[in-house]
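The opening residue of the sequence shown carries number 137 in my numbering; numbering runs sequentially from there.
C-beta atoms are modelled at their ideal positions from N, C-alpha and C, and glycine is treated no differently.
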Amino acid sequence: MLRQPVLIASRSAGKLRELRPMCLDAGIVIVSLDDAGIPEAAAEDAIEAYATFEDNALAKARYFHDLSGLVTVADDSGLEVAALGGAPGVFSKRWSGADVRDTPALDAANNAHLLQRMAGVSDRTARFVCVAAVVGDGRARTVRGEVAGTVATRVRGTGGFGYDPCFIPIEGDGRTFAEQSPQVKAALSHRARAFAALVRELSQGA
């Protein structure tokens, strides 16, 4: 079991809520960026400048590992829509172009933009992708999690975050991620699958 704390390199309260129980169940002590005393900096906006989820996740993990000295876990995730040629993909976070930093407002703008682009489109096939990276303690690697689904025709549900109100997983019961309980989402989501693989590796560390 990994005996040192692990830094979760994310400013997203939603991600931390999802990841904390998973890590605790595996006996891994995690700290947030706030716990580690790492204030938000303008330089963070330029970290995810790469064309793949893997490169972005590794870049983020390396950046915060260098600042903290801790084993650091980071992820890059996004929605890929078949009818949009795989967009928004790695640009999911700020795809709408809305000039806001408030996370709920940005999520709302992105979902509105997605539904506008998909208006009248019959092929609504999509997938959520998450790549999680760990850097430190002799490691620098990534794992990937995916979940297939479709884009809803309207925003549905108040849970989750990001594109959850617009994504219906194929393996579910017809509800969007935002309509499901955290427990159900954790059993199905791309992020849960990626981090479950990463947690297994971390829990085997010395």
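Burial state of residue i, where buried means 16 or more other Cβ atoms lie within 10 Å
i      : result
Ala154 : One detail in the question is off: residue 154 reads as Glu in this sequence, not Ala. Counting Cβ neighbours within 10 Å, Glu154 comes out buried, since at least 16 surround it.
Ala342 : Since pLDDT at Ala342 reaches only 42, below the 50 mark, its modelled position is unreliable, and no value is offered.
Arg263 : buried
Val142 : buried
Met137 : Interpretation of Met137 is limited by its pLDDT of 49, a score under 50 that renders its predicted location unreliable; the figure taken from the coordinates is listed afterwards. That one is exposed.
Gln316 : buried
Residue i - partner residues in DSSP beta bridges
i      : result
Cys266 : Ser213 and Gly281
Ile166 : Val142
Ile304 : Thr286
Pro224 : Glu216
Val271 : Thr208 and Ala276
Straight-line gap, residue i to residue j (C-alpha atoms, nearest Å)
i      : j      : result
Gly85  : Asp191 : The structure shown does not extend to residue 85, since the chain spans only 137 to 342, so no value can be given for it.
Pro338 : Ala197 : According to the sequence displayed, residue 338 carries Leu and not Pro. Answer to the nearest angstrom: the Cα atoms are 15 Å apart.
Val257 : Thr289 : 10 Å
Ser148 : Ala234 : 18 Å
Ala195 : Ser213 : 13 Å
Pro305 : Arg311 : 8 Å
Gln165 : Gln319 : The displayed chain sequence assigns Val, not Gln, to residue 165. One C-alpha to the other measures close to 21 Å.
Gly150 : Ala245 : 17 Å
Tyr199 : Ala333 : 22 Å
Val236 : Gly225 : 20 Å
8 Å contact criterion, which residue i and residue j should meet: CB distance rounded
i      : j      : result
Val107 : Val217 : With the chain covering only 137 through 342, there is no way to say anything about residue 107.
Gly296 : Ala314 : 4 Å
Gly281 : Ala330 : 3 Å
Ala219 : Asp161 : 38 Å between Cβ atoms; not a contact.
is_contact[residue i, chain D] using C-beta, thresh 8 Å
i      : result
Val217 : No chain D is present in this structure, which holds just one protein chain.
Closest by C-alpha distance to residue i, when choosing among the options
i      : options                           : result
Gln140 : Cys159, Ser146, Tyr299 and Phe331 : Cys159
Glu176 : Ala145, Tyr299 and Ala195         : Ala145
Ala276 : Asp211, Ala172, Lys151 and Pro157 : Asp211
Pro301 : Leu334, Ile166, Ala330 and Pro240 : Pro240
Glu184 : Gly163, Lys151, Ser228 and Ser168 : Ser228
Val267 : Ile174, Arg230 and Ser325         : Ser325
Ser364 : Arg156, Ala248, Val226 and Gly225 : The structure shown does not extend to residue 364, since the chain is modelled only from 137 through 342, so no value can be given for it.
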